[in-house]
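Every position in the sequence shown, counted from 1, becomes a number in the numbering used here once 1422 is added. First up is the structure itself, then whatever we jot down about it.
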Amino acid sequence: MNRRLMRKFLAIFLCLLVFTPYGLSSEVSAGKLKPSDETFTPGQWFLGDRPTNYDSSQAPIVFVQGKNGSSTSWYGETTYHGVNDMYTQAYDAGYQTVFVQLYDAAGKGSENQYTNGRLLAAMLGEISQHFNGQKVNIIAHSKGGPDTQAALIHYGAYSYVDKVITLGSPHYGSKLADLSYSWYARWLGELLGMNDAGTYSLQVGEMAKFRSVTDNHSNRSKNKYYTVAGTNKGPAFSALALGGAYLSFYGANDGLVTVTSSKLPYGTHLFTDNTIDHDNIRQGSKVFSRIEPYLRSTAVSQLSDNIEALNQTDTIIQSESSSYINGGMLSDSQFTKNEIYVPAKTSGTIFVYTASNDTTVELVAPDGTIMTASGPIKDDTIISGASLYSFQLDEFIEGSWTVQMKATNAKDAYLLVSSFDESEKIELNMAGKGKADQTSFILKAPKQAGTTSLSFKFKDPDGNELKQSIIPNTTNGAEFTSKLPKVSKPGVYNMTVDMTTKHPNGKESVRTLVRSVYIE
């Protein structure tokens, strides 16, 4: 290279250094800001760059990621929506940012809110010391919300924090976590080792226990809480779309968390957006400009306490289902078949989780037509590591549909979940938390012609089936009442109900409902 070309090269290089919008200490990835200093060791934290328009009167923002996440959740690739520009948005708005690493960042599964909360509390103390006692604000995604509350309320970190904004946080758990601990998921769980402490903690029963010791705690009122929810279920055939189809029986949801679960009775709910799913609810371009006013020191204060709402975990939680659920081991020598009877034309979704990514999964229509499943895709939401196959049809005609599966190796298992848009559903009314041998429930059968029978499978906190029988009473054949069986130890118990309806034409349809409950 001659001297003239060398001088031009150096001039261009110096211009890039001077005019790069994010300074010398940051990396730019796909046009988005990325911190210059990263660590992925649980318990360590690091600063984002200080903006040129930094306003020291505004509290620094601490980002707390969700289940199986790390700091990259805020500036790296999202699952479905490209690079997250949350860090960029905060930087451009003049905020000092802080990133923390919880135990999940190690990539060895997720931890419960108490374990992560204790670690977060220690980091918040160090962060506060770094800023000479200045309080910070927290933006938390998904399970980062309960992790944050554990840190502030149960481990005394409230004094380091002013405001908390939670984005799609399952404050009352997720029915998908109940599903992953259901009777029919146990074979798949044994092969994948999927059920970690973080998933366990998100069961409805476990979160009912957490709420009962959190919402009335004296430390609870020492911080302001704001919540955000979405009702978009993500891209078609994604894990979010399929999870959202299952959760649709429980209300509007973002593919992983229902709107109801995302709210706190003593917090201010900022907005619910029908364009936001559980993945992009943490994306800066989607939410930052709408939550940023509440991070300022002059933000509107939260709603007054609603004390009556704090005890709702001890009252009835209504669940509905129009699903058929099954699971078990798969053979590599012959098809495992599940027949699903659809009594009337409807739309719906059938999805199958397997341990392998090369399982044969087919759907046979009543007329004999064979359809091959979409997928597989990897699920990293609830059943981490599973391969997910799906069928989404605008029309399931009346008749018997058969899902047939064959493994390609000797060790494979499946969890089959169907969700139909049927007008009549199973309904369960049961508290999220109750006392042993005193927790009653009511089951209501769909209003349709035919006779109904019930079977129950009840798992203890260790995953063992309880041998006690549940024999419900009925007065009209459509409503059943009973109490949960007496148990020997407290914990989260998972109940799977199969309701079989024999129709006048002799065909039987089975619909399944799964719910967890914490028994004191």
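Every residue, glycine too, gets a C-beta built ideally from N, C-alpha and C.
According to the Cβ coordinates, are V1774 and V1825 closer than 8 Å? Numbered from 1 along the sequence shown, position 352 holds the residue referred to as residue 1774. Numbered from 1 along the sequence shown, position 403 holds the residue referred to as residue 1825. Taking the C-beta atoms as reference points, V1825 is found nearer than 8 Å to V1774.
Note the first and the last residue of the continuous alpha helix (DSSP H) segment covering L1906. As a working note, residue 1906 is residue 484 in the sequence shown. Per DSSP, L1906 lies in no alpha helix (DSSP H) segment and is marked neither H nor E.
Runs of beta strand (DSSP E) wholly within the stretch 1623-1681 (minimum 3 residues, chain order): Taking only runs of at least 3 residues, the beta strand (DSSP E) segments lying wholly in the stretch 1623-1681 are 1646-1652.
Going by other Cβ atoms of all chains shown within 10 Å of its Cβ, with 16 needed for buried, is S1769 buried or exposed? Your numbering for residue 1769 matches position 347 in the sequence shown. Flag for S1769 reads exposed.
What's the C-alpha gap between V1520 and K1833? In the sequence shown, the residue the question calls residue 1520 occupies position 98. In the sequence shown, the residue the question calls residue 1833 occupies position 411. Straight through space, the alpha carbons of K1833 and V1520 are spaced by roughly 44 Å.
Taking the alpha-carbon positions, what's the Y1577 to G1547 distance? Numbered from 1 along the sequence shown, position 155 holds the residue referred to as residue 1577. Numbered from 1 along the sequence shown, position 125 holds the residue referred to as residue 1547. Using only the alpha carbons, I get a separation of about 11 Å.
Relative to the C-alpha of A1544, which candidate in S1581, S1623 and N1886 has its C-alpha closest? Along the sequence shown, read from residue 1 onward, the residue named residue 1544 stands at position 122. Of S1581, S1623 and N1886, the residue nearest in Cα terms is S1581.
Close-in-space but distant-in-sequence residues of the same chain around E1817 (CB under 7 Å, 5 per side omitted): Locating residue 1817 in the sequence shown gives position 395, counting from the first residue. Counting only Cβ-Cβ distances below 7 Å, and skipping sequence neighbours, we find K1767 and S1769.
May I ask you to report which of helix, strand or coil DSSP gives K1597? Walking along the sequence shown from the start, residue 1597 turns up at place 175. K1597: helix per DSSP, three-state reduction.
Who does N1748 pair with in a DSSP beta bridge? The residue given as residue 1748 occupies position 326 in the sequence shown. Beta-bridge partners of N1748 (DSSP): L1838.
D1801 (DSSP reduced to helix, strand or coil): Within the sequence shown, numbered from 1, the residue matching residue 1801 stands at position 379. Note: D1801 maps to strand in three-state DSSP.
Does DSSP put T1697 in a helix, a strand or coil? Indexing the sequence shown from 1 puts residue 1697 at position 275. It is coil, neither helix nor strand.
Apart from the five residues on each side of it in sequence, which residues of its chain come closer than 8 Å, Cβ to Cβ, to K1857? To locate residue 1857, count along the sequence shown from 1; it is residue 435. Its chain contains I1941 and E1942 as the residues whose beta carbon lies nearer than 8 Å to that of K1857, once the 5 sequence neighbours on both sides are disregarded; these appear in chain order.
Between the Cα of M1917 and those of Y1502, S1904 and V1936, spot the shortest distance and give me the residue it belongs to. Along the sequence shown, read from residue 1 onward, the residue named residue 1917 stands at position 495. When only C-alpha atoms are compared, the closest one is V1936.
Using a Cβ-Cβ cut-off of 8 Å (strictly less than) and excluding sequence neighbours within five positions of R1425, which residues of its own chain qualify? Residue 1425 sits at position 3 when you count from the first residue of the sequence shown. Because the pLDDT of R1425 is 44, which lies under 50, any placement of that residue in the model is unreliable, and the question is left without a value.
Three-state secondary structure (DSSP) of G1913: Mapped onto the sequence shown, residue 1913 falls at position 491. Note: G1913 maps to strand in three-state DSSP.
Of the residues G1531, H1552, F1468 and N1475, which one's Cα is nearest the Cα of D1514? Counting from 1 along the sequence shown, the entry for residue 1514 is found at position 92. That would be N1475, whose Cα lies nearest to the Cα of D1514.
Could you name the residues of the same chain whose beta carbon sits closer than 6 Å to that of S1904, not counting the 5 residues immediately before and after it, in chain order? Position 482 of the sequence shown, counting from 1, holds the residue named residue 1904. Within the same chain, and ignoring the five residues on either side of S1904 in sequence, the residues whose Cβ sits closer than 6 Å to its Cβ are I1892 and P1894.
Backbone CA spacing between G1531 and G1750 [nearest angstrom]: For the purposes of this step, residue 1531 is identified with residue 109 of the sequence shown, where counting begins at 1. For the purposes of this step, residue 1750 is identified with residue 328 of the sequence shown, where counting begins at 1. Cα to Cα, the separation comes out at about 24 Å.
Quick one: what's got a C-beta closer than 7 Å to G1948's C-beta in the same chain, skipping five residues either side? Outside the shown range of the chain, which is 1423 to 1942, sits residue 1948, and nothing can be said about it.
Which stretch, first to last residue, makes up the beta strand (DSSP E) that contains G1821? Here residue 1821 corresponds to residue number 399 of the sequence shown, with the count starting at 1. First-last of the beta strand (DSSP E) with G1821: G1821 to K1828.
Considering Cα atoms alone, identify which of E1533, A1481, V1939 and Y1688 is closest to V1909. Reading the sequence shown from its first residue, position 487 is the one you call residue 1909. Closest option to V1909, judged by alpha-carbon separation, among E1533, A1481, V1939 and Y1688: V1939.
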